[in-house]
Amino acid sequence: MMKKFLKEIGFLTLPLLLTACLLEVLIQNIPNDYSHKKSYLDKNAAQIETLILGSSHSFYGLDPRFFSSKTFNGSHISQSLKYDLEILKKYEGNFKNLTAVVLPISYFSLSEKLETGIEAWRVKNYTIYYEIPTSNAYSDCSEVLSVKLSKNLYRLFSYYTKKTSAITCSQLGWGSKYKSENALDLIESGKKAAQRHSASQYQNTFDENVAVLNDLEQWCSERNVRLVLFTPPAFESYQQHLDKKQLNATVEIAQKKALANENCTYLNLLNDTRFKAKDYYDADHLSEIGAKKLSLLIDKEIANLD
Amino acid sequence: MLFNSLDFAIFLPACFFVYWFLAHKNLRFQNLSIVVSSYFFYACWDWRFLSLILFSTLVDYGVGIGLENEANKSKRVALLWTSICVNLGFLGFFKYHNFFLENFSSAFSLFGSEIKTTSLDIILPVGISFYTFQTLRYTLYVYKRRLQPTKDFISFAAFVCFFPQLVAGPIERATNLLPQFTKKRNFDYEKAVDGMRQILWGLFKKIVIADNCAQYANLIFNNSTDYGGSTLALGALFFTFQIYGDFSGYSDIAIGTSRLFGFHLKQNFAFPYFSRDVAEFWRRWHISLSTWFRDYLYIPLGGSRGNKWQKIRNTFLVFCISGFWHGANWTFVIWGALNACYFLPLLLNNKNRKHLDTVAQGRSLPSFKEFLSILFTFGLTVFAWIFFRAENTSHAFQYIAEITSTSLFEAPKFEGMRTALTTVMLTFLFVLIEWNGRAGQYGIEHLLLRWKKPMRTAFYFTIIIGILLFGGKEHDFIYFQF
């Protein structure tokens, strides 16, 4: 009786398991931003002089083409400081010419982390594609286990049938999807983004992120790499809805870092008037026009440091 | 560890293997494997609270044996009160401490005097309301000499912590469950297959129905001031199916899992939304809790005997306490009182036991009168759920005020309306399947028995793919918080 039962269970589960394995292989073979950047770093880390890290604010906001040094954008959407540090550590032996690390300290950078936010599903990308073991959850080792089936089927269909690429960034890692002609309503998006980025209780996360930032700073100091911190520009509708306490605490930390370490510099561009409405894709992300402006500005800052 | 998690999908086969292949020759080993698995299962939430379960187990085991050996009535009463105080004491402290403190302070401030109180940062141990009620019931049975206490501590510990029903019931009668731990259990193919089927249906209810409905119920309830009456009414409907799919889904998985291990747990939900009146609804909703309150509160208070005022008092007490059991919030008390108001007219007119059979038995469709009764009862239930789901009483009244405004007649509008349509269609399909299977223990019990094997297999695959394809964002089971 037990044999019969196990046979029937096997008959039901085996096809499912085999299908899941096949899906896993097929999905992992689809090139995406993570696999693209990993592959670029594997091959070209030694040539990189300026490395951009951070979240969507630098992913969409900093285009390496406008930097005078050999620059690569290694940021990803919602990439928190912990992952920035992990990427640096992973390639530390390869970064032979690295002179500067550019890192955004956005309003949420110290009060949020990838694992607990709405983009937590991205954690698996670091385990699968970067081979950085930052998560203990076994679901983070698999696309099938961490992403809904409907979404995975759509990805398969898009890539294998419609031949649509899943890579949304340029060769040098800049997120090129946020075009000015498709810009969103700046007023509405500002309010929503500010609400999404405001954490009601963030003290523990804040302390953890400050500790990671210290490690990042130390990593750069030990290798004589300049750490360029900046708070990215945002449209006024975003600024108006920010929690002043959270904002001040974040800016204060970045300012202190710059004051205490001559290897570190900080630029607060949050309400920089050089950025106009046309520079934004939405209230807290720059379009390609704004990205060019910001990239030139940061590049100039690095040049001034030299 | 949630039933709808990958962890459980690994944990369950592992327990099954140990239970039937390594420990099957010895009943004590089998029970021990249940205790170890259950403690591990619970420790995955918070290992610190294992001490509470262990303490409760030790006290009730000792009290049970003490009651058996003690002939002196007053000493027996003292033993009984020890168990009551320990179990309800834990429950009172962890669940109601802050509630009483805050209300006590508020009551004094009404008279102009301020009392400084400090709320404790208390974490509610998961499942405390369930296992304390189950062990308490054991003691009460032994006290009334309706059950021989067990001297086998391992069996008793397994009875208290049996993982399928540890965190959210069903709250089993000791007379039903405990003897099953003391008898040899042999693997039964039919039972195991039926258990798997029930687990599958429970997962469908939870992952497809409840988790999808939860998405919209949460959106609407959490931003209720942004929406008009019709959207809020839809939000209440989504919650109605969320809570049913969630809790009855959990019960199905619990009962099905028990069957895999050779145990039989009582039905906890008997298609309550097809009830023709509120009295029938309460015979079909969370049956194990309703029975508990009936046995240990309603009947000792006099039940439906006595004069009219006694009946009213008893009904209100039972419903309000039952509401309060769900959580330390006035919304639950009002939910209970509202149900008492629904129930009372039936009781006072001796119509509370009018519908004891299955609705439209032997027929595919209900009569028009039956349909109207079902619809009316369902409407009352949906209305009461608003209190259950609301954050606080003012939120509930605000929500109801908007529903009863003219905006009820406008078209509903909220973010994700299109995707919500899929959920509505899935829920409709689910209701049809449940209606078809209303005479069984769970929705697909009889449906599949009539089908040939290839059809059955195809149906299983359809359900599995449905779960994988339409599964909503993973949510905790609602009743874990109680």
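First to last, the protein sequences are chains A and B. Residues are numbered in our numbering as their position in the first sequence, beginning at 1, plus a constant of 2. Residues are numbered in our numbering as their position in the second sequence, beginning at 1, plus a constant of 725. Built from N, CA and C at the ideal position, the CB exists for glycine as well. Keep in mind it's a predicted model, so treat the numbers as computed, not measured.
- Contact between ALA979/B and GLN905/B is ruled out by a C-beta separation of about 15 Å, above the 8 Å threshold.
- When Cβ-Cβ separations below 8 Å define contact, LEU1193/B makes contact with chain A.
- Contact between the stretch 63 to 77 of chain A and the stretch 171 to 180 of chain A is present, with at least three C-beta pairs closer than 8 Å.
- Judged by beta-carbon spacing, LEU112/A lies beyond the 8 Å limit of ARG124/A, meaning their Cβ atoms are not closer than that value.
- Interface flag for TYR1185/B against chain A is set, since a Cβ pair is found closer than 8 Å.
- Residue contact check for SER152/A against chain B: a CB pair falls below 8 Å.
- Only those residues of the stretch 119 to 152 of chain A whose C-beta falls short of 8 Å from the nearest C-beta of chain B are listed: TYR140, SER141, LEU147, LYS150, LEU151 and SER152.
- Taking C-beta atoms under 8 Å as the contact rule, ALA185/A and TYR282/A qualify, at a distance of about 7 Å.
- Proximity of the stretch 1061 to 1072 of chain B to the stretch 1108 to 1116 of chain B meets the contact definition, three or more beta-carbon pairs being nearer than 8 Å.
- When DSSP states are grouped into helix, strand and coil, VAL1003/B belongs to the helix group.
- In this structure, DSSP gives VAL1043/B a helical state, which the three-state scheme calls helix.
- Fully contained in the stretch 889 to 976 of chain B is no beta strand (DSSP E) run of length 3 or more.
- Here the alpha carbon of ASN250/A sits roughly 39 Å from the alpha carbon of TRP772/B.
- Here THR1102/B is near PHE1006/B, since their CB atoms are less than 8 Å apart.
- Between the stretch 788 to 804 of chain B and the stretch 867 to 883 of chain B, the count of C-beta pairs closer than 8 Å reaches three or more; the two stretches touch.
- Of the residues PHE237/A, GLU121/A, ILE79/A and LEU100/A, the one whose Cα lies closest to the Cα of PRO106/A is ILE79/A.
- Listed along the chain, the chain A residues whose CB falls inside 7 Å of the CB of ALA917/B are PHE7.
- Here CYS171/A is buried, its C-beta having at least 16 other C-beta atoms within 10 Å.
- Interface with chain B (8 Å Cβ-Cβ cutoff): LEU116/A is excluded.
- As summarised for the stretch 19 to 99 of chain A, the continuous beta strand (DSSP E) elements at least 3 residues long and confined to that stretch are 52 to 54 and 73 to 75, given in chain order.
- Scanning its chain for C-beta atoms nearer than 6 Å, with the 5 sequence neighbours on each side dropped, one finds around GLY987/B the residues ARG910, in chain order.
- Using a Cβ-Cβ distance cut-off of 8 Å, the stretch 746 to 754 of chain B and the stretch 772 to 784 of chain B are not in contact, since fewer than three pairs of beta carbons, one from each stretch, lie closer than that value.
- About 6 Å separates the beta carbon of VAL103/A from that of LEU55/A, a gap short enough to meet the 8 Å contact definition.
- A distance of 8 Å or more separates the beta carbons of PHE232/A and LEU288/A.
- DSSP places PHE232/A inside the beta strand (DSSP E), whose first and last residues are 228 to 233.
- Nearest in C-alpha terms to HIS1120/B, of all of ILE934/B, ILE945/B, LEU1072/B and PRO874/B, is ILE945/B.
- Following the DSSP letters along the chain, one finds ASP284/A in no alpha helix (DSSP H) but inside the beta strand (DSSP E) bounded by residues 282 to 284.
- Annotation: THR857/B to LYS258/A spans about 54 Å, alpha carbon to alpha carbon.
- LEU116/A is not bridged by DSSP to any residue.
- Taking a cut-off of 8 Å on C-beta distances, the stretch 910 to 927 of chain B touches the stretch 7 to 19 of chain A, as three or more cross pairs fall below it.
- Within 7 Å of the CB of ILE1189/B, the CB atoms of chain A belong to LEU18, in sequence order along the chain.
- Non-local beta-carbon contacts of GLN1035/B in its own chain, meaning distances under 7 Å to residues more than five positions away in sequence, involve GLY1027 in chain order.
- Nearest CB-CB separation between TRP926/B and chain A: not below the 8 Å threshold.
- When DSSP states are grouped into helix, strand and coil, VAL149/A belongs to the coil group.
- Cβ contact annotation for VAL811/B (same chain, cutoff 7 Å, sequence separation greater than five): SER781 and VAL784, in chain order.
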